[in-house]
Each structure stands twice: as structure tokens, then as C-alpha cells.
Amino acid sequence: KLTVEAAVGLENNTGPVNPADSGVKVIVRIRPPNKVGEDGGSVVQKLSNDSLSIAGQTFTFDSVADIESTQIDIFHLIGAPLIENCLAGFNSSVFAYGQTGSGKTYTIWGASNALLEEHDQQGLIPRVCQRLFERVNEEQEKHADKQLVYMCRCSFLEIYNEQITDLLDPNQKNLQIREDIKSGVYVENLTEECVSSMEDVSQLLIKGLSNRRTGSTSVNAESSRSHSVFTCVVESRSKSMADGGVSCLKMSKINFVDLAGSERQKQTGAAGGRLKEAGNINRSLSQLGNLINILAEVSQTGKQRHIPYRDSKLTFLLQESLGGNAKLAMICAVSPAQSCKSETLSTLRFAQRAKAIKNKAVVNEE
Ligand code: ADP
């Protein structure tokens, strides 16, 4: 395995890659009150950059972002380290967790009119992609002597009712999750498109988002009932003349996971087919919650135990991010509203358990 110092791009890099930092980075973002009915003051207060209080309880995370925080602040907290980790060869995943209406989509994608243009309300994914291409170009120029070349490709899928849909080609059939030693966990037959500029990514995002499914419940007319996973794979190949022309290949992945709303089913008034759907959506989410509990326990006690990754599509697909070779960040979005207090507390407890997990990320190279 390559030492981290020797990883491409790190020789002169004072960036935020810290291999010893193996914990899950947990950020809680409190959204501003809505115009309708949420002006009675927030039930959750930011106390400092890493703590907040709700109902007399104090919680501490890596960062707490409140209504003062901008999309650029979130990019600096999560996006910039993600890019440096990726270029250094680490896999990374970012999860957005929280009840419907808490600000997951706003944080991950941005306001609907701000997806592709440079805009204050542009979200994390387009900002990361834009900056990733800039950094790739910088690195290629800086390491021209090593003939360093990067290649990027993207995929975009949705898990709905425990079924996987290829958002870049919804007619794609037989999408099965597979695992092998060489490729790790992957979705067989999933479209992967090569991208070399932000324009290429923009086309994919427009296509993929237009294929996303939304369903309405009584909580929020446009609530997303599905999980989406947007993945960028970055491969680098370099030939070091100093090493007699030996070529080195590194591959790393960034997964952006926009989870379905975490609200409990009874609050959505789901019935019939919707109830079955909610059950399955909750299967992936409750399984995620179970795994977070188990992994936190294993990290704390050091005792090994069986981890049931395969019990849901989401946890099977993301097993490397959850328990293994990946840097993991959780953005937990909460509403300031009194009516959401119990869901906010449940999100904060989830966030607290996630904080206890230790992952062991290593650089992927051949
Ligand atoms: P979710 O994806 O969790 O269902 P959304 O991201 O759609 O929630 O957010 C709900 C509403 O609140 C949207 O109208 C969104 O634009 C707004 N919103 C969420 N977070 C923020 C924020 N930090 N600043 C401004 N508006 C926000």
C-alpha cells in the first residue's frame, strides 16, 4: 500500500487530508424557519461551532451549522476535504439524513433554480464536481513529469421500494448488487458515463434528476420517498521515471447519498400501497440505523460481530462506506420547528451514534 505522504498530490499539499482521522464526520445543519407557521422561535439552538441544545439537552458534533451558514461554508466543511481525500486515493461517502423538509436536498443539490449555475444557493454536489475538475487539472499540470492522468466517470441510481433504478438509463434491467475482490461492491449493468468537464456532469445531473421519482404524502407534497446515490469514480495513472517508468494506478469513489425522509411512518398518514412502500423505504433506513448502532458498538468495544449489510439494498450497496475502507461524512438536517421536535431529537440521536463509528480508510492502488 502506498503511504499517504507519497500519494499523488500530497507532497506539497497542506490540504485537509488526515489519514489518522478515521471517525465519521458528523455535521448538523439547522434550516431557517419556513415563511408559514414557523416564526415561533427555534426549538434547537446552536451553542457553538460544534454544539447545540434542544429541550435542555446538549449535543456535540464535528460542526453545527445554523441559519447563518452558507452553501459555501458547507462546501468548505465537507466538500473540500472530500476532494483532497479522493485525489489522495481514499473512497468517501456523504450521506444526507433527516426528515422530509429538513433541508437535505437544499444542502446536497441546492435550491432548484441553482443547480448548475454559480449561485449562492448552489449545493454540495455541483460545487464538488466543479472543484474536482479544477483540482484534477492542477494536479496533472503539477505532475506532468510523472505523466499523471486522471479519468472520471459518474453513475446515478435510485433505490425505491427496495428496487434499484438507473437514473441515467431508466430502461436498464437486471441491476443487481454484486461484490468481488477486484471491484468491491458494485451494481451490475449500471450505466457509468465518462466525464471530463463540469458541462458533462451538468448533462448527467439534468438527465438523472429528471428521472427521479417523487411521491406525495401528507407531510410534504413533493417529498422524496427514495434514496439516491450519485457516484463519481476518479482513476489516476502515473508513470514515475524515477521508479524506472513503473506505472501506478489509483482509483477512488465519492458517493453522495440523498436519503429518503427519516420521519416515522405514522406521521405521513401512509396507507395501502403507500404503507408497503413506506415499509420498504424504512427497511433501508432502519437497516442503516441498525448498522450504525452495531458499528458504533464495535468501534467502542473492539469486539467483532456479524454485520448484516445485506439486509437492505442501501446498506449492501454502501457497505464499504459504512464499515470499511472509506471516509464517511453525515450531514444531518433538522428543522427548527416546534412541531418537528421529536423527529429532530431522533435525527440528533442518529447523528450521535454515527459519530461513534471508526472507519479504517486506506488508499486504493494497484
Ligand atoms: P428535504 O430534502 O429534507 O425534504 P428541502 O431541502 O427540500 O428538504 O428543504 C425544504 C425547504 O426548505 C425548501 O424550500 C428549501 O429550499 C428550504 N431550505 C432548506 N434548508 C435551507 C437553508 N439552509 N437555507 C434556506 N432555505 C433552506
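46 is the number of the first residue of the sequence shown in this note's numbering; add one for each residue after it. Backbone N, C-alpha and C fix where the C-beta goes; we use that ideal spot for every residue, glycine too. Since the structure is predicted, the reported quantities are computational estimates derived from the model, not experimental observations.
Between the CA atoms of Ala159 and Leu363 - distance to the nearest angstrom: Put simply, the backbone Cα of Leu363 is about 28 Å away from that of Ala159.
Looking only at C-alpha atoms, which of Trp154, Asp356 and Phe140 sits nearest to Ile251? Relative to the Cα of Ile251, the nearest Cα in the group Trp154, Asp356 and Phe140 belongs to Trp154.
Compute the Euclidean distance between the alpha carbons of Gly253 and Leu212, then round it to the nearest angstrom. Distance between the alpha carbons of Gly253 and Leu212: 5 Å.
Residues in its own chain within less than 8 Å of Phe104 by CB, not counting five upstream and five downstream? Within the same chain, Cβ atoms closer than 8 Å to the Cβ of Phe104 are found at Val73, Ser96, Leu97, Ser98, Leu393, Ala396 and Gln397, the five residues on either side in sequence being excluded.
Bounding residues of the beta strand (DSSP E) (the contiguous stretch that carries Glu224): For Glu224, the enclosing beta strand (DSSP E) begins and ends at Gln221 to Asp225.
Select from Gln185, Asn327 and Leu359 the residue whose C-alpha is nearest the C-alpha of Lys284. Looking from the CA of Lys284, the closest CA among Gln185, Asn327 and Leu359 belongs to Gln185.
According to DSSP, is Gln102 part of a helix, a strand, or is it coil? In the displayed model, Gln102 falls within a strand according to three-state DSSP.
Could you check whether the Cβ of Tyr151 sits closer than 7 Å to any heavy atom belonging to the ligand ADP? Checking every heavy atom of the ligand ADP against the Cβ of Tyr151, one is found closer than 7 Å.
Considering just the uninterrupted stretch of the alpha helix (DSSP H) at Ile376, what are its terminal residues? Taken as a continuous stretch (DSSP letters only), Ile376 belongs to no alpha helix (DSSP H), being part of the beta strand (DSSP E) at Lys372 to Val379.
Per DSSP, cross-strand counterpart(s) of Ile204: Paired residues: Ile209 and His272.
So, helix, strand or coil for Ser307, using DSSP? DSSP places Ser307 outside both helix and strand once states are collapsed to three, so it counts as coil.
Where the beta strand (DSSP E) through Ile72 begins and ends: For Ile72, the enclosing beta strand (DSSP E) begins and ends at Lys70 to Ile75.
Suppose contacts are defined by Cβ-Cβ distances below 8 Å. Is Cys131 in contact with Ile376 by that definition? Not a contact, by the Cβ cut-off of 8 Å.
How is Leu393 classed by DSSP in three states: helix, strand or coil? Helix, per DSSP.
Is Gly143 near the ligand ADP, judged by its Cβ being under 7 Å from some heavy atom? Result yes, Cβ under 7 Å from the ligand ADP.
Reference Gln208, options His272, Lys227, Cys199 and Lys403, closest by Cα: Selected option, being the one with the closest Cα: His272.
Contained alpha helix (DSSP H) runs [length at least 4] in the region 145-202, N- to C-terminal order: For the alpha helix (DSSP H) assignment, the uninterrupted runs of no fewer than 4 residues enclosed by the region 145-202 are, from N- to C-terminal side, 149-153 and 169-187.
Helix or strand or just coil, what does DSSP make of Val232? Val232: strand per DSSP, three-state reduction.
Residue span of the alpha helix (DSSP H) that contains Glu365, given as start and end: Start and end: Gln364 to Gly368.
Going by the DSSP bridge assignment, what does Ser110 pair with across the sheet? Reading off the sequence shown, one finds Ala at residue 110, where the question assumed Ser. Partner(s): Arg74.
Which residues in the same chain as Gln345 place their Cβ atom closer than 7 Å to its Cβ, once the five residues preceding and following it in sequence are excluded? Around Gln345: Ala401.
Unbroken stretches of the alpha helix (DSSP H), 4 residues or longer, contained in the region 118-146: Taking only runs of at least 4 residues, the alpha helix (DSSP H) segments lying wholly in the region 118-146 are 125-132.
Whole angstroms is fine: what's the gap from Glu233's alpha carbon to Asn327's? Between Glu233 and Asn327, the C-alpha separation is close to 24 Å.
Which of the three DSSP states, helix, strand or coil, is assigned to Gln217? Coil, per DSSP.
For Leu340 and Leu367, believed in contact at Cβ under 8 Å, the rounded distance: Sure, about 6 Å apart at Cβ, within 8 Å.
Would you say the beta carbon of Gly124 is closer than 7 Å to some non-hydrogen atom of the ligand ADP? For Gly124, the distance from the CB to the nearest heavy atom of the ligand ADP is not below 7 Å.
Apart from the five residues on each side of it in sequence, which residues of its chain come closer than 7 Å, Cβ to Cβ, to Glu224? Cβ neighbours of Glu224 beyond the five flanking positions: Val230.
Which residues in the same chain as Glu388 place their Cβ atom closer than 6 Å to its Cβ, once the five residues preceding and following it in sequence are excluded? Spatial neighbours of Glu388 in its own chain (CB-CB distance under 6 Å, excluding positions within 5 residues in sequence) are listed in chain order as Gln144 and Glu308.
Bridge partners for Cys385 per DSSP, in chain order? In DSSP, Cys385 forms no bridge with anything.
Beta-carbon proximity of Leu127 to Val139, cut-off 8 Å: Closer than 8 Å, so yes.
Can you tell me whether Asn206 is buried or exposed, with buried defined as 16 or more other CB within 10 angstroms of its CB? Around the CB of Asn206, 16 or more other CB atoms lie within 10 Å, so the residue is classed as buried.
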